[in-house]
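A.B. asks: I have a structure I would like to understand better, so I am pasting it below and will then ask my questions one at a time.
Protein chains: 2
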Amino acid sequence: MGITERKVREKEHRKEEILDAAKKVFFEKGLSAATMDEIAEAAELSKGTLYLYYKSKEDMYLGVMMRGMEELYEDFERIGTSSVSTLHKIMELGDVYRKYFDKHRKFFRMIHFLQSPQFHKQVSDEMKKTCDMETQRVWNVINSILQTGMDEGLLRPNYNPMELGVILWSNMNALMLRIDNEGDKWKKRFNIDLEHTLSVSTTLLFESILTTRGRTEYAALANK
Amino acid sequence: MGITERKVREKEHRKEEILDAAKKVFFEKGLSAATMDEIAEAAELSKGTLYLYYKSKEDMYLGVMMRGMEELYEDFERIGTSSVSTLHKIMELGDVYRKYFDKHRKFFRMIHFLQSPQFHKQVSDEMKKTCDMETQRVWNVINSILQTGMDEGLLRPNYNPMELGVILWSNMNALMLRIDNEGDKWKKRFNIDLEHTLSVSTTLLFESILTTRGRTEYAALANK
DNA sequence: TTTAGTTACTGACCATTAGTCATTTATTAC
DNA sequence: GTAATAAATGACTAATGGTCAGTAACTAAA
Numbered sequence: 000m001g002i003t004e005r006k007v008r009e010k011e012h013r014k015e016e017i018l019d020a021a022k023k024v025f026f027e028k029g030l031s032a033a034t035m036d037e038i039a040e041a042a043e044l045s046k047g048t049l050y051l052y053y054k055s056k057e058d059m060y061l062g063v064m065m066r067g068m069e070e071l072y073e074d075f076e077r078i079g080t081s082s083v084s085t086l087h088k089i090m091e092l093g094d095v096y097r098k099y100f101d102k103h104r105k106f107f108r109m110i111h112f113l114q115s116p117q118f119h120k121q122v123s124d125e126m127k128k129t130c131d132m133e134t135q136r137v138w139n140v141i142n143s144i145l146q147t148g149m150d151e152g153l154l155r156p157n158y159n160p161m162e163l164g165v166i167l168w169s170n171m172n173a174l175m176l177r178i179d180n181e182g183d184k185w186k187k188r189f190n191i192d193l194e195h196t197l198s199v200s201t202t203l204l205f206e207s208i209l210t211t212r213g214r215t216e217y218a219a220l221a222n223k
Numbered sequence: 000m001g002i003t004e005r006k007v008r009e010k011e012h013r014k015e016e017i018l019d020a021a022k023k024v025f026f027e028k029g030l031s032a033a034t035m036d037e038i039a040e041a042a043e044l045s046k047g048t049l050y051l052y053y054k055s056k057e058d059m060y061l062g063v064m065m066r067g068m069e070e071l072y073e074d075f076e077r078i079g080t081s082s083v084s085t086l087h088k089i090m091e092l093g094d095v096y097r098k099y100f101d102k103h104r105k106f107f108r109m110i111h112f113l114q115s116p117q118f119h120k121q122v123s124d125e126m127k128k129t130c131d132m133e134t135q136r137v138w139n140v141i142n143s144i145l146q147t148g149m150d151e152g153l154l155r156p157n158y159n160p161m162e163l164g165v166i167l168w169s170n171m172n173a174l175m176l177r178i179d180n181e182g183d184k185w186k187k188r189f190n191i192d193l194e195h196t197l198s199v200s201t202t203l204l205f206e207s208i209l210t211t212r213g214r215t216e217y218a219a220l221a222n223k
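Listed in order, the protein sequences are those of chains A and B. For the first sequence, numbering that gives the first Met the number 0 assigns the number 0 to the initial residue and increments by one for each residue that follows. For the second sequence, numbering that gives the first Met the number 0 assigns the number 0 to the initial residue and increments by one for each residue that follows.
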């Protein structure tokens, strides 16, 4: 049954090719300004064909986003399986996410679509589920690292690791979003460098969830 | 010149009436699903007339949002001018914002539009400026309270009050957004009550920006 | 090679809807 | 009463997400 397999492979390949085109257009114009006709032209396919592979424009957008999420997952996974200390891993999670924000700004913006009402209203259940699984993978890495940190007595035991995860993540996310949208404004008007503010808040939160032992280790690591 | 004045008043009134209708429709359907025809019908006016008062659908959306922002401003301003201790005021800011989130969820969602790419792309410069001024008023209250807190030695002096403000605000915002979108999911899947998480993270951050004196006072206040 | 059947693709077409503008209606001024 | 001004209208346009009847390409059996 080599033919059937080849066809499946080709279909998969076409799907990816469409995503290549979609990525280009979405990166350039964003979700609302991008048109399906443009994407079709970029993909060298007719518009109708796009709909054979993706249910809607929003679904396609998320298809692209998933690539970005996968990249983030791989970065995180690399941390998870590395052989540095747990504290170091936790710090790395933050650093890597911040680098991700710098290097993959467009993906960062796309990920934010997951938190918009449009996502909950206009996306097919199927795609929602797919996104959910991918997001889950990322959270699993975070959770497992924080759980270890807790087991090792680095993190204050009265909190749930996942809870700490969502706190740290949300905190970074909110400031990054602000940097992305109003960074210049805050610099000009209040002379505040939100990049620095992000470091400050991350450090504040991080220190406040560490045990005494965790803090000692952290101080040693930060001094290096 | 009584007539001219009356006309200005009537025009202003019409603008508000249109916002009444728009608010109803936007609250019900959200920005993208609401149509101008619907709003026109709700306002008992023709669609063309709407455009005599607002430049675009997005501008109108922000007109509605501004009402919500004003309400928040008034709540904040009330705190600012109240005669409780500064520490109490700071805590009140958080509490009031959280209540605002509970009571005016739709407005909360609208405020988030300010952080979306759509806002930066599809809104008239004029409306952007108006929003900016309103937002500014809110920040001014926060800033002035935090500045006082710093002057009184409650807040660690190595930070900028506005910086602390944006940290606290962003932190709350991010978790509220998550509660709004995925609150149920987190409860069901991880058995995490994000409402509680919000309290935790706010407390953590808050404590970590207080001086020793501030913390003593805080402990006293929290025990009451 | 021919033919029937299947799959992939096409692009004209449809429906929706934000925004416009020539025209009509109402109000004011003289 | 009439001219001038302001307010309101709604048919129309343009843009665009999505559809579907028809076409082309490929596969498999005769």
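Glycine included, every Cβ here is placed at the ideal spot set by N, Cα and C.
Compare the beta carbon distance of GLN146/A and GLU57/A with 8 Å and say whether it is the shorter of the two.
C.D. replies: no
A.B. asks: Could you work out which residues of chain A lie near ASN159/B, taking near to mean beta carbons separated by less than 9 Å?
C.D. replies: Chain A residues near ASN159/B: PHE189, ASN190, ILE191 and THR196.
A.B. asks: Excluding the 5 residues flanking VAL122/B on each side, which residues of the same chain have their C-beta closer than 7 Å to its C-beta?
C.D. replies: GLU57, ASP58 and LEU61
A.B. asks: Compare the beta carbon distance of ILE166/A and LEU197/A with 8 Å and say whether it is the shorter of the two.
C.D. replies: no
A.B. asks: Measure from the C-beta of GLY62/A to each C-beta in chain B and report whether the shortest distance is under 8 Å.
C.D. replies: no
A.B. asks: Buried or exposed: where does SER200/A fall if 16 or more other Cβ atoms within 10 Å of its Cβ makes it buried?
C.D. replies: buried
A.B. asks: Any beta carbon from chain A within less than 8 Å of GLU37/B's own beta carbon?
C.D. replies: no
A.B. asks: If contact means a Cβ-Cβ distance below 9 Å, which residues of the region 104 to 126 of chain B contact chain A?
C.D. replies: ARG108, HIS111, LEU113, GLN114, SER115, PRO116, GLN117, PHE118, HIS119, LYS120 and GLN121
A.B. asks: In this structure, how does DSSP classify MET0/A when only helix, strand and coil are distinguished?
C.D. replies: Note that MET0/A has pLDDT 48, beneath the 50 cutoff, so the model's placement of it is unreliable and no number is given.
A.B. asks: Taking all protein chains shown into account, do 16 or more other C-beta atoms lie within 10 angstroms of the C-beta of VAL7/A, making it buried, or fewer, making it exposed?
C.D. replies: Exposed, because fewer than 16 other Cβ atoms sit within 10 Å of the Cβ of VAL7/A.
A.B. asks: With contact counted as at least three CB pairs below 8 Å, one residue from each stretch, are the region 141 to 155 of chain A and the region 71 to 81 of chain A in contact?
C.D. replies: yes
A.B. asks: Counting only Cβ pairs nearer than 7 Å, list the residues of chain A close to ALA173/B.
C.D. replies: SER169, ASN170, ASN172 and ALA173
A.B. asks: So, using beta-carbon positions, are SER207/B and GLU206/A closer together than 8 Å?
C.D. replies: Their beta carbons are under 8 Å apart, which means SER207/B touches GLU206/A by this criterion.
A.B. asks: Per DSSP, LEU154/A forms a beta bridge with which residues?
C.D. replies: LEU154/A pairs with LEU209/A.
A.B. asks: CB-CB under 7 Å to ILE110/B, same chain, minus the five flanking residues each way: which ones, in chain order?
C.D. replies: MET64, GLY67 and MET68
A.B. asks: Using CA atoms only, rank isn't needed, just tell me which of TYR96/B, THR85/B, ARG104/B and GLY164/B is closest to ILE191/A.
C.D. replies: Comparing Cα-Cα distances from ILE191/A to each of TYR96/B, THR85/B, ARG104/B and GLY164/B, the minimum goes to GLY164/B.
A.B. asks: Can you tell me which of the three DSSP states ILE78/A falls into?
C.D. replies: helix
A.B. asks: Answer yes or no: does any C-beta atom of chain A fall closer than 8 Å to that of SER200/B?
C.D. replies: yes
A.B. asks: Here's the rule: buried if 16 or more other CB atoms are within 10 angstroms of the residue's CB, otherwise exposed. What is VAL24/B?
C.D. replies: buried
A.B. asks: Going residue by residue through the region 26 to 70 of chain A, where are the continuous alpha helix (DSSP H) segments of at least 4 residues, counting only ones entirely within it?
C.D. replies: 35 to 42 and 46 to 52
A.B. asks: Is the beta carbon of ILE178/A less than 8 Å from the beta carbon of LEU154/A?
C.D. replies: no
A.B. asks: Since ASP94/A is in the alpha helix (DSSP H), which residue starts that stretch and which ends it?
C.D. replies: Counting along the chain, the alpha helix (DSSP H) containing ASP94/A begins and ends at 85 to 102.
A.B. asks: Report the residues of the region 130 to 147 of chain B with a CB closer than 9 Å to any CB of chain A, ordered along the chain.
C.D. replies: ASP131, GLN135, TRP138 and ASN142
A.B. asks: In whole angstroms, what is the alpha-carbon distance linking ILE112/B and ASP36/A?
C.D. replies: Correcting the residue identity first, residue 112/B is Phe in this sequence and not Ile. C-alpha separation (whole angstroms): 27 Å.
A.B. asks: Note down the Cα distance separating SER115/A from GLY29/A, rounded to an integer number of angstroms.
C.D. replies: 14 Å
A.B. asks: With a threshold of 7 Å on Cβ separation, who are the neighbours of LEU174/A within its own chain once the five nearest residues in sequence on each side are excluded?
C.D. replies: LEU193, THR196, LEU197 and SER200
A.B. asks: So, with DSSP's three-state summary, where would you put PRO116/B?
C.D. replies: helix
A.B. asks: Among GLY182/A, MET90/A and LEU71/A, which one has its Cα closest to the Cα of ALA218/A?
C.D. replies: MET90/A
A.B. asks: Return the chain-ordered list of same chain residues with a C-beta closer than 8 Å to the C-beta of GLU27/A, the five sequence neighbours on each side being excluded.
C.D. replies: ALA33
A.B. asks: Would you call ARG108/B buried or exposed, if buried means 16 or more other Cβ atoms sit within 10 Å of its Cβ?
C.D. replies: buried
A.B. asks: Under 8 Å between beta-carbons, which chain B residues line up against VAL165/A? List them in chain order, please.
C.D. replies: LEU174, ARG177, TRP185, ILE191, LEU193 and THR196
A.B. asks: In chain order, what residues of the same chain have a beta carbon less than 6 Å from the beta carbon of GLU9/A, not counting five sequence neighbours either side?
C.D. replies: none
A.B. asks: Grouping DSSP H, G and I as helix and E and B as strand, with all else coil, what is ALA218/B?
C.D. replies: helix
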